[in-house]
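Read the structure below first, then the notes.
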Amino acid sequence: MTHPIDPTSQDAASNFLPDPEWLSATGRGVTVAMIDSGVDATHPDLSGRIAEEVGARIEGKKVTFSPVYDGDLAGHGTACAGIITQLAPEAKVASIRVLGASGSGDAQVFLAGLEYAVKQRYKIINLSLGTTKPQFFAPLHDLLDRAYQAGCIVIAAANNLPQPSFPSIFSSSLISVVKSEEPDPLKFRFHYGEVIELTAPGVSVRTPWVGGGYRTLTGNSFACPHITGLLARLVERHPELTPFQAKSALYAIARSNSTENG
Amino acid sequence: MAENRTDEFLERIQGLFRVADAEKLLADPVKEAITELLAASAVRLRAEAASVLVRTADSGDLKFLAATGEVADRIGGLEIPAGKGIAGFVLMSGQPLVVSEPDDESGFYAEVDKTTGFSTKLLLAVPLRFRDDVIGVLEYVNRSSEPLSEPFTPTEMDIAAVYAEAVAALVNAHIGADLMCELSRRIIRDSSEESDVRAWLRSMRENSTHARAIELAALVSELSEKGDAEVELCRTLLESLIGYSSSTTGRLDLA
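From first to last, the protein sequence lines are chains C and A.
The first sequence begins at 5 in the working numbering and counts up by one.
The second sequence begins at 70 in the working numbering and counts up by one.
Following this line, the structure appears as structure tokens:
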């Protein structure tokens, strides 16, 4: 029996392949929002690439965002921004820092960060964070639906631990990515039969680190910005790309990658 | 009347805690179990050292609860402010991470390394999840044998995640034991400071989870005084209830 979306079957997916012009794009004119630990804008690889740096502040029960000047609190955001700009060297990154504002209510701050990015209408939003708290399932689902309707393409790092994490398990409104050992970012694959849709490089990835140096990192968090960087190229060529079209295009590319390499 | 019963209860519980060393009885064995598990898992993952950081209830800072390796003694009780460093990120993101650095750079875990004299070159960090919450972080640092610069692998990340489940259950047990130790300390410190203990008991009662647990414990204790048949009946009932609840995905709805 053949599954209707069996990647080995003959179907019309290759017809969805975007114009190969995107391959030579650099992300010019595209700003990617990154919800993370902040960014070290002074790193040589990121200098001139950061469009905005805001951080969460908690005022009573409200979370607000205002400009911050103390960089990256954990190193993670700098690494992700580095991957995005390696793949889209002319794209800009808007760093929305959701780490370090408070110890409690972390998921609340994360949700507010995503809401801020959607309100600012950032076309591409990179999420290497998630939450396992069930009380955030509904608000996140609602927010992701709003993002989708607003035309924001959200890319989330999958969680490959036994427990589901939100929002990466939401399958309709975002693109979720899991790490693979494949080093070539252009050879990302379709993850057949799983909630998580794509696999991208995420093992021993060399990235910029706080303070000007480099680190080698492994994790789904680093697979996600690979797809984000490639999307910045696609969006440069097709600025009106909707989340639905983005998914279709990524699927077609991933499928042709899978077929090419067996 | 109610006040007299509370006084009597306090006297009894004071008597109990005076003879029992709660720390030795409750918290220490759990901590030892965590350390044993850390040591065993570090061998399996070819790590030089392993440690457990636990989120503190109020601030969200991370505190080292247990560690193995040569700096284990120096690391105990050390704190990392909320949201800082790799551990802070893993706590918030719930994502396991592997970080390694080139040999020519200094250790990246600067604040902790400065205090301990340790140099972190390789790090594998996994979230500790209990029920729906991330309660801490499990870390493995550096390699114990050649090749010393080989980064932790994706397979080792998966293995660490399995250990993390067991460690998280133990950490949760330690949090419970710590609560009992705190009660014991307050009672033993000065038995005349009843208001202090009462305030603590009240705060426990106000926390609905604790209140329900204490209520249940009081009921079971009362039943157990009745006789063997009652104890047996109580145990059978509770076991069947737990069995039933575990076999169904939902919870009992008796409304």
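C-beta: ideal position from N, C-alpha, C; glycine also.
Asked: Here's the rule: buried if 16 or more other CB atoms are within 10 angstroms of the residue's CB, otherwise exposed. What is C/Pro187?; Found: exposed
Asked: Is any beta-carbon of chain A found at less than 7 Å from that of C/Lys251?; Found: no
Asked: With H, G and I counted as helix, E and B as strand and the rest as coil, what does DSSP make of C/Ala227?; Found: helix
Asked: Determine the closest residue to C/Thr246 out of C/Ser41, C/Ile179, C/Tyr152, with distance taken between C-alpha atoms.; Found: C/Tyr152
Asked: What's the call for C/Pro48, buried or exposed, on a 16-neighbour Cβ count within 10 Å?; Found: exposed
Asked: Find out if the Cβ-Cβ distance for the pair C/Glu94, C/Arg193 is shorter than 7 Å.; Found: no
Asked: Could you check how far apart the C-beta atoms of C/Ala227 and C/Ala204 are, in whole angstroms? I think they sit under 8 Å.; Found: 4 Å
Asked: Contact defined as beta carbons within less than 8 Å: I believe C/Arg219 pairs with A/Val168. What is the distance between those atoms, to the nearest angstrom?; Found: 6 Å
Asked: Cβ closer than 7 Å: which chain C residues qualify as neighbours of A/Phe158?; Found: Ser41, Ala78, His80, Leu103
Asked: Anything in chain A within Cβ reach of C/Pro138, meaning under 9 Å, just list it in chain order.; Found: Asp201
Asked: List the residues of chain A whose Cβ lies closer than 8 Å to the Cβ of C/Thr135, in chain order.; Found: Gly163
Asked: Three or more beta-carbon pairs under 8 Å between the region 206-223 of chain C and the region 69-82 of chain C, yes or no?; Found: yes
Asked: Nearest-angstrom Cα distance between C/Cys156 and C/Gly64?; Found: 29 Å
Asked: Grab me the residues of C/Gly86's own chain with a C-beta within less than 6 Å of its C-beta, minus the 5 sequence neighbours each way, in chain order.; Found: Asp49, Thr211, Pro212
Asked: Under a Cβ-count criterion, where at least 16 other Cβ atoms within 10 Å of its own Cβ denotes burial, should C/Tyr255 be classed as buried or exposed?; Found: buried
Asked: Beta strand (DSSP E) containing C/Thr89: first to last residue?; Found: Counting along the chain, C/Thr89 falls outside any beta strand (DSSP E), though it belongs to the alpha helix (DSSP H) covering 80-91.
Asked: What does C/Asn224 touch in chain A if you count any residue whose Cβ is under 7 Å from its own?; Found: Gln164
Asked: Does any residue of chain A have a CB that is nearer than 7 Å to the CB of C/Ser208?; Found: yes
Asked: Could you tell me whether the Cβ atoms of A/Phe158 and C/Ala78 are closer together than 7 Å?; Found: yes
Asked: Would you list the residues sitting across from C/Gly267 in a DSSP beta bridge?; Found: Residue 267 of chain C is absent from the model: chain C starts at 5 and stops at 266.
Asked: Using beta carbons (cut-off 7 Å, strictly below), is C/Tyr255 in contact with chain A?; Found: no
Asked: So for C/Thr35, helix, strand or coil by DSSP?; Found: strand
Asked: Within 7 Å of any Cβ in chain A, is that where the Cβ of C/Asp110 sits?; Found: yes
Asked: I'd like to check one pair, C/Leu148 with C/Ser169: are the Cβ atoms closer than 7 Å?; Found: no
Asked: Please identify the residue among C/Ser262, C/Leu21, C/Ser99, C/Glu25 whose C-alpha is closest to the C-alpha of C/Tyr126.; Found: C/Ser99
Asked: What are the boundary residues of the alpha helix (DSSP H) that A/Glu92 is part of?; Found: Looking at the DSSP string, A/Glu92 is not in any alpha helix (DSSP H), and its letter there is neither H nor E.
Asked: Quick check on the DSSP output: the beta strand (DSSP E) that includes C/Ile179 runs from which residue to which?; Found: 179-184
Asked: Give the secondary structure of A/Ser175 by DSSP, where H, G and I count as helix, E and B as strand, and everything else as coil.; Found: With a pLDDT of 45 at A/Ser175, under the threshold of 50, the modelled position of that residue is not reliable, and the figure given next carries that caveat. In the structure shown, A/Ser175 sits in coil (DSSP, three-state: anything other than H, G, I, E or B).
Asked: Chain C beta carbons: is any one of them nearer than 7 Å to that of A/Pro98?; Found: no
Asked: Beta-carbon separation of C/Val182 and C/Asn224 under 7 Å?; Found: yes
Asked: For chain C, find out if any of its Cβ atoms is closer than 7 Å to the Cβ of A/Pro223; answer yes or no.; Found: yes
Asked: List, in order along the chain, the chain A residues whose C-beta lies closer than 8 Å to that of C/Lys183?; Found: Pro223
Asked: In chain order, what residues of the region 210-240 of chain A put their CB closer than 9 Å to some CB of chain C?; Found: Pro220, Phe221, Thr222, Pro223, Met226, Asp227, Ala230, Val231, Ala233, Glu234
Asked: Here's the rule I'm using: 16 or more other beta-carbon atoms within 10 Å means buried, otherwise exposed. How should A/Arg304 be labelled?; Found: exposed
Asked: Candidates A/Pro196, A/Glu308, A/Met161: which alpha carbon is nearest A/Val240's?; Found: A/Pro196
Asked: Rounded to whole angstroms, what is the Cα-Cα separation between A/Ser213 and A/Arg115?; Found: 5 Å
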